[in-house]
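Below is one structure, written out as structure tokens, with a few remarks after it.
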Amino acid sequence: LERKSWKKLLLIFINNEWHDAVSKKTFPTVNPATGEVICQVAEGDKADVDKAVKAAQAAFRLGSPWRRMDASHRGKLLNRLADLIERDRAYLAALETLDNGKPYAISYLVDLDMVIKCLRYFAGWSDKFHGKTIPLDGDFFCYTRHEPVGVCGQIIPWNFPLLMQAWKLGPALATGNVVVMKVAEQTPLTALYVASLIKEAGFPPGVVNIIPGYGPTAGAAISSHMDVDKVAFTGSTEVGHLIQKAAAQSNLKRVTLELGGKSPNIILSDADMDWAVDQAHFALFFNQGQCCCAGSRTYVQEDIYNEFVERSVEKAKARVVGNPFDFKTEQGPQVDEEQFKKILGYISTGQKEGAKLLCGGSPAADRGYFIQPTVFGDVQDSMTIAREEIFGPVMQILKFRTIEEVIERANDSKYGLAAAVFTRDLDKANFVSQSLRAGTVW
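Using full-length UniProt numbering, the first residue of the sequence shown is number 1, and each one after it goes up by one.
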């Protein structure tokens with residue numbers, strides 16, 4: 001991978017300029033396929049967040065170029081950014097794979113495609129969010145209008161670095177807000193490259209500010225900052241609690257949280273077995289299992305349980321793990337050593353608690369953070385691996401008898417992000433989906 005203009009990409013992006021950290025500190029970003037350091041990146045903290053917030057406030061002041069800009073022109077800038085990302089798609093995909101470990105084919109064909117579509121979608125919304133008039137008794141004229149919130153703090157995770165950046169930037173910029181974004185310390189490189197494209201696209205200085213750094217320092221500074229008007233966070237439930245608390249204890253800023261999941265994937269006995277096995281495998285193993293909405297509790301009705309388990313194990317054993325730049329690779333490494341060790345710890349706990357290890361369970365290479373696709377059978381709801389988010393390529397299969405039973409068991413969780421149901425019967429599909437306490441049901 002050609003290191004074009006990397007020197008500036010390793011700094012903090014504030015006011016359309018590149019800065020060293022105020023502390024002059026740096027941190028390493030690591031290639032998870034090898035465990036080797038790629039480069040050192042500027043480590044932002046509270047002082048850098050303060051600088052970025054001041055730049056964002058200046059960009060948001062009344063009469064500024066950004067505040068005077070037509071809504072349609074904001075849409076043009078977002079479309080221009082999407083065009084630039086499409087122009088540099090191959091480079092960004094390679095950088096994403098190098099820093100995150102996901103297979104290059106997925107980075108290029110899936111992630112980048114969704115990033116570009118996301119930005120273009122929100123570009124179209126720039127001049128289409130409308131207020132309304134409200135009839136009132138008496139001689140009154142009442143109307144509503146949507147106004148930008150102001151300075152939006154955004155904290156994004158490492159599992160989909162480019163896509164999470166687009167999901168956060170798109171709606172905020174389309175509606176005229178300004179942004180201070182902290183990117184994950186594990187995967188800062190693509191977000192910083194996009195910062196250079198933001199400047200090239202023509203966004204005014206201070207509208208987007210991007211800070212690489214750690215959650216307890218830079219992330220905490222954003223969450224508790226008195227001049228940040230809203231914070232949006234995607235990540236763990238534990239950190240979500242801290243952000244909600246910091247927002248409440250500071251200026252009662254608005255908060256949007258997308259947190260963890262332990263999503264039930266329910267396979268009824270009348271399901272298409274081929275489709276159910278394929279989709280349950282995809283739901284768990286996609287992105288190395290590093291998805292907050294992964295189907296990580298696979299409930300299978302007892303009369304098809306044995307066949308489903310046998311076929312799921314065969315599919316897991318056939319999954320190709322290896323060099324993420326090899327187009328045959330289906331599964332790359334976990335994002336870093338911490339996740340690697342955490343997942344292996346969960347596998348060990350599952351075995352100790354009595355779950356049956358059917359395949360995998362070990363590192364998949366001599367170096368790097370690769371883990372074998374792993375399947376557990378005979379899993380019970382009380383087991384740690386059935387209750388806690390593993391965030392790795394570890395499938396847990398649980399047996400159930402009746403629909404009423406599986407609904408009760410599926411809902412017995414502190415999580416409620418997503419769920420899925422497989423059946424040929426639409427009445428059953430509707431009944432189960434409406435009974436599950438989940439935000440999204442497939």
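Glycine included, every Cβ here is placed at the ideal spot set by N, Cα and C.
- Taken through DSSP and simplified to helix, strand or coil, R367 comes out as coil.
- The C-beta distance from N31 to V335 rounds to 11 Å, too long to meet the 8 Å contact threshold.
- With fewer than 16 other Cβ atoms inside 10 Å of its own Cβ, Q380 counts as exposed.
- Closest option to A280, judged by alpha-carbon separation, among G138, L119, A419: A419.
- K315 and Q288 have their alpha carbons spaced roughly 15 Å apart.
- Linking D113 to I304 through their CA atoms gives a straight-line distance of about 37 Å.
- Relative to L426, the option among W442, K132, Y108 whose CA is nearest is W442.
- Contact check for I266 against V375 fails: the beta carbons are separated by 8 Å or more.
- With 16 or more other Cβ atoms inside 10 Å of its own Cβ, D111 counts as buried.
- E17 carries a strand assignment under DSSP once its states are collapsed to helix, strand and coil.
- Counting along the chain, Q380 sits inside no beta strand (DSSP E), nor does DSSP assign it H or E at all.
- In summary, V37 is exposed, with fewer than 16 beta-carbon neighbours lying within 10 Å of its beta-carbon over all protein chains present.
- Per the Cβ contact rule, the segment 307 to 325 is not in contact with the segment 85 to 92 (fewer than 3 Cβ pairs under 8 Å).
- With a 10 Å radius around the Cβ and a threshold of 16 neighbouring Cβ atoms, M383 comes out buried.
- Fully contained in the segment 110 to 185 are the following beta strand (DSSP E) runs of length 3 or more, in chain order: 132 to 134, 142 to 144, 151 to 155, 178 to 183.
- Straight-line measurement puts the Cα of P103 at about 17 Å from the Cα of M164.
- By the Cβ-count criterion, E200 is exposed, with fewer than 16 other Cβ atoms from all chains shown falling within 10 Å of its own Cβ.
- In this structure N159 is buried. Its beta-carbon is surrounded by 16 or more other beta-carbon atoms within 10 angstroms.
- Fewer than three Cβ pairs drawn from the segment 133 to 141 and the segment 60 to 74 lie within less than 8 Å of each other, which leaves the two stretches out of contact.
- For N209, the enclosing beta strand (DSSP E) covers residues 208 to 212.
- Close CB contacts of V41 within its chain, under the 7 Å cut and outside five residues either way in sequence, are with L10, T26, F27, T29, P188, P212 (chain order).
- Within the segment 12 to 69, the complete alpha helix (DSSP H) runs of at least 4 residues fall at 46 to 60, 65 to 68.
- Contact between T423 and A271 is confirmed by a C-beta separation of about 5 Å, below the 8 Å threshold.
- Judged by beta-carbon spacing, P161 lies within the 8 Å limit of E96, meaning their Cβ atoms are closer than that value.
- N79 sits in a helix when the DSSP states are folded into three classes.
- One Cα belongs to R80, the other to I116, and the distance between them is close to 10 Å.
- In the DSSP annotation of this structure, the continuous segment of the beta strand (DSSP E) that includes V231 starts and ends at 230 to 234.
- Looking at the DSSP output, C359 bridges to V375.
- DSSP places I243 in the uninterrupted alpha helix (DSSP H) bounded by 237 to 249.
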